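Engineer: Chains as they are written, first to last, in my numbering: chain B, 78 to 279; chain E, 261 to 527.
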Amino acid sequence: MSKPFRCNNIRLFDIEPVTLDVGAGQTLCITGPSGCGKSLLLRALADLLPHQGEASFDARPADEFTPESWRKTVGFLAAESQWWFDNVADHFPRGMHQSAKEMICQLGLDSHALDWQVRRCSTGEKQRLALVRLLVREPKVLLLDEPTANVDATAMTQIEKLIKTYQLQTQCPVVWVSHDDEQVKRVADEVFHCQKQPVVTA
Amino acid sequence: MSVISLSVLDLSLVAGLVVASAGLSYWQKLAISKRYLIAATRTVVQLSLIGLVLKFLFAQQSVYWVVGWAVVILLIAGREAIARQQYKFLSGWSYSLSTLSIFVSSFSVSIFVLLAVIQQTPWYQPQYAIPILSMVIGNTMTAVALALDQLTTQTWQHQAVIENRLALGEGWQEAIGDIKRQSIRVGMIPIINAMAAAGLVNLPGMMTGQILSGTPPTEAVKYQILIMLMIASGAAIASIIAISLGARHLFDERHRLRVDRLRDSLR
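Right, here's the structure in full:
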């Protein structure tokens, strides 16, 4: 059931071509200074930005998917979560509320968090709820842009654990942008340093 | 009842009121008297000239003159509709979009009414075709201007939200659906307000003009109703066309949000 994710010669704006391979159940961390294009790269992988080169899942290039099914396959979590309805629950498809509740509890949030109003949530709460919102849709790849950026140490541990659990269950490849060297050591199987001349190190 | 013909002296008396009130605002340092006088002068000059143009067109009774005149005001309306928008589509797309939606809506509505309701021979009789077309074009222009402005501004401001919705696997139609609905609603607000308050708050200008020039109120009312309903359907059709095509153009073939197709004209 597990399948590899590959991006081949992805090139956008002035970023050097990037080639990455992430095997099933593997985690690739992307690190590097701010502004080196890590977020742009992830958005290109989710096919949200025009780019050259090609991403593929299970040896099927993105072009062979409809745009919607590609984005459902590769779950992209933006660094800053966006909310468009008044209530948290409205952002979750019906029928997924139960599994959402279980994940919400694993993240140390109140089990009634779904009933909250978005404008009363803190940035850290929104960050965690956005991860749940993504995972309940069961993507087959995870593209995570600093999933623990705005949370305290406890929440960080819980988030890492939830992602690892999901990855163990689904054997999904994970591309994880992180600024935190300690976190990279904990979660990465492979690290990609994003620089002017990007070099892949094992 | 006959028309009381207005003389130049009559109009000069009213112009005196404008000059007096401009003096008042100058004295109050409202810094608006100059623009106010220029606008008043433009009204006098433009309407006088249009009176002469209409007199000429009515005398021709030619379909070519009517169509030529219609094309000219259509092109002007298309330009005016986008003239004061903050975010415009690149490479003339905004102009084409507004002109196309004004054209389809106002021409179809006007020609339908001329053929099915007015039923003059010839159907393009300038005395009917020209006022009807210009009323509908003028109002669809406003609807298109408001709706497109809403679409581009809201999309620009909420690009992160739209992208987040796309990232969760929503189709582009769904991701921009709220903004589309809101834009069409905004385009329709002026005519909906005008219809809801028609006759209660003030008497519509066209009807007032007809009554002053001697038409019985019941007849004037019928024409006013005709015009209001035409304007409403024209505005609805125009807003829907402009917003549907405009929203589609904000996404590319891979359904990516392409705000780079917009330009901020204030920067």
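Quick reminder that beta carbons are idealized off the backbone N, C-alpha and C, glycines included. Everything numeric in this text was worked out from a predicted model, so none of it was measured.
Which whole-angstrom value is the C-beta distance of E:Ile439 and E:Thr415, which I expect to be below 8 Å?
Structural biologist: Going by Cβ atoms, the distance from E:Ile439 to E:Thr415 rounds to 6 Å, so yes, they are a contact pair.
Engineer: Output, in chain order, the set of chain B residues within a Cβ distance shorter than 8 Å of E:Ala280.
Structural biologist: Correct list: empty, because the minimum Cβ distance to chain B is about 52 Å.
Engineer: Determine the closest residue to B:Ile236 out of B:Leu212, B:Pro216 and B:Val218, with distance taken between C-alpha atoms.
Structural biologist: Comparing Cα positions, the closest option is B:Leu212.
Engineer: Compute the distance between the beta-carbons of B:Val165 and B:Phe82, then report whether it is under 7 Å.
Structural biologist: No, these two residues do not count as a Cβ contact at 7 Å.
Engineer: Whose C-alpha, out of E:Tyr483, E:Ala405, E:Ile422 and E:Ser504, is nearest the C-alpha of E:Ile336?
Structural biologist: It is E:Ala405.
Engineer: Let's see if you can read the secondary structure: which residues bound the alpha helix (DSSP H) around E:Trp432?
Structural biologist: Segment Trp432 to Ala435, the alpha helix (DSSP H) holding E:Trp432.
Engineer: Is E:Ile491 closer than 7 Å to E:Ile451 when the C-beta atoms are compared?
Structural biologist: Cβ distance < 7 Å, so E:Ile451 and E:Ile491 count as in contact.
Engineer: So B:Asp222 is in the alpha helix (DSSP H); what residue range does that whole segment cover?
Structural biologist: No alpha helix (DSSP H) holds B:Asp222; the beta strand (DSSP E) holding it covers Val218 to Asp222.
Engineer: Between which residues of its own chain and B:Ser176 is the CB-CB distance below 7 Å, once the five residues before and five after are set aside?
Structural biologist: The answer, listed in chain order, is Val213.
Engineer: Could you name the residues of the same chain whose beta carbon sits closer than 8 Å to that of E:Lys348, not counting the 5 residues immediately before and after it, in chain order?
Structural biologist: Counting only Cβ-Cβ distances below 8 Å, and skipping sequence neighbours, we find Ile342, Ser354, Thr412, Leu522, Arg523 and Ser525.
Engineer: Compare the beta carbon distance of E:Ser281 and E:Ile292 with 7 Å and say whether it is the shorter of the two.
Structural biologist: No.
Engineer: Using beta carbons (cut-off 7 Å, strictly below), is E:His509 in contact with chain B?
Structural biologist: Judged by the 7 Å Cβ criterion, E:His509 is not in contact with chain B.
Engineer: Got a sec: does the ligand ZN put a non-hydrogen atom nearer than 6 Å to the Cβ of B:Gly185?
Structural biologist: This structure simply doesn't include the ligand ZN, nor any ligand for that matter.
Engineer: Return no unless some Cβ of chain B is closer than 7 Å to the Cβ of E:Gly429.
Structural biologist: At least one chain B Cβ lies under 7 Å of E:Gly429.
Engineer: Just verifying my parser: in three-state terms, what is the DSSP assignment at B:His256?
Structural biologist: In this structure, B:His256 counts as coil in the three-state DSSP scheme.
Engineer: Below 8 Å CB to CB, which residues in the same chain sit around B:Phe162 once its five sequence neighbours on both sides are set aside?
Structural biologist: Once the five neighbours on either side are set aside, the close Cβ partners of B:Phe162 are His168 and Val195.
Engineer: Would DSSP call E:Phe318 helix, strand or coil?
Structural biologist: Three-state result, E:Phe318: helix.
Engineer: Is the Cβ of B:Asp163 closer than 7 Å to any Cβ of chain E?
Structural biologist: With 7 Å as the cut-off, B:Asp163 does not count as an interface residue toward chain E.
Engineer: Please return the same chain residues whose Cβ sits closer than 8 Å to the Cβ of E:Ile362, not counting the five positions on each side in sequence.
Structural biologist: Answer for E:Ile362: Leu334, Ala337, Gly338, Ala341, Ile397, Thr400, Met401, Val404 and Ala498, listed in chain order.
Engineer: So if DSSP puts B:Phe169 in a beta bridge, which residue, or which two residues, is it bridged to?
Structural biologist: Note: B:Phe169 sits in no beta bridge, so no partner.
Engineer: Going by C-alpha distance, which of B:Leu105, B:Lys80, B:Pro94 and B:Ala132 is nearest B:Ala265?
Structural biologist: Of B:Leu105, B:Lys80, B:Pro94 and B:Ala132, the residue nearest in Cα terms is B:Leu105.
Engineer: Any contact of the segment 426-436 of chain E with the segment 141-151 of chain B, i.e. 3+ C-beta pairs under 8 Å?
Structural biologist: Counting Cβ pairs under 8 Å, three or more are found: they touch.
Engineer: Please return the same chain residues whose Cβ sits closer than 6 Å to the Cβ of B:Asn227, not counting the five positions on each side in sequence.
Structural biologist: Here the set comprises Thr200, Gly201 and Gln204.
Engineer: Would you give the residue range spanned by the beta strand (DSSP E) that E:Lys348 belongs to?
Structural biologist: Tyr347 to Phe349 is the extent of the beta strand (DSSP E) around E:Lys348.
Engineer: With burial defined as no fewer than 16 other Cβ atoms inside 10 Å of the residue's Cβ, what is the status of B:Gln274: buried or exposed?
Structural biologist: In this prediction, B:Gln274 has a pLDDT of 49, which is less than 50 and means its spatial position is unreliable; what the coordinates show is noted afterwards. B:Gln274 is exposed by the Cβ-count criterion.
Engineer: Could you tell me which of B:Lys115, B:Gln103, B:Gly102 and B:Asp98 sits nearest to B:His270, measuring between CA atoms?
Structural biologist: For B:His270, the nearest C-alpha among the options comes from B:Lys115.
Engineer: Could you round the C-beta distance between E:Ser365 and E:Ile501 to whole angstroms and report it? I think they count as a contact, below 8 Å.
Structural biologist: Sure, about 7 Å apart at Cβ, within 8 Å.
Engineer: Closest to B:Trp160 by CA distance: which of E:Ile485, E:Val421 and E:Val327 is it?
Structural biologist: Considering only alpha carbons, the answer is E:Val421.
Engineer: Using only CA atoms, which one of E:Leu360, E:Ser358, E:Gln387 and E:Ile392 lies nearest to E:Phe372?
Structural biologist: Answer by Cα proximity: E:Ile392.
Engineer: Going by other Cβ atoms of all chains shown within 10 Å of its Cβ, with 16 needed for buried, is B:Glu259 buried or exposed?
Structural biologist: B:Glu259 should be labelled exposed.
Engineer: Measure the C-alpha to C-alpha separation of E:Val279 and E:Asp270 and round it to an integer number of angstroms.
Structural biologist: Going from the Cα of E:Val279 to the Cα of E:Asp270 covers about 15 Å.
Engineer: Only counting runs of 3 or more residues, tell me where the beta strand (DSSP E) segments fall wholly within the segment 191-244 of chain B, in order along the chain.
Structural biologist: Listed in chain order, they are 218-222.
Engineer: Terminal residues of the continuous alpha helix (DSSP H) containing B:Gly112?
Structural biologist: No alpha helix (DSSP H) contains B:Gly112, which DSSP labels as neither H nor E.
Engineer: For E:Val519, would you say it is in contact with chain B, using Cβ-to-Cβ distances shorter than 7 Å as the test?
Structural biologist: No - not a single Cβ of chain B is within 7 Å of the one on E:Val519.
Engineer: Let's see if you can read the secondary structure: which residues bound the alpha helix (DSSP H) around B:Arg148?
Structural biologist: It spans Pro144 to Thr150 - the alpha helix (DSSP H) in which B:Arg148 sits, taken as one unbroken run.
Engineer: With a Cβ-Cβ cutoff of 7 Å, do E:Gly506 and E:Leu277 count as a contact?
Structural biologist: Not a contact, by the Cβ cut-off of 7 Å.
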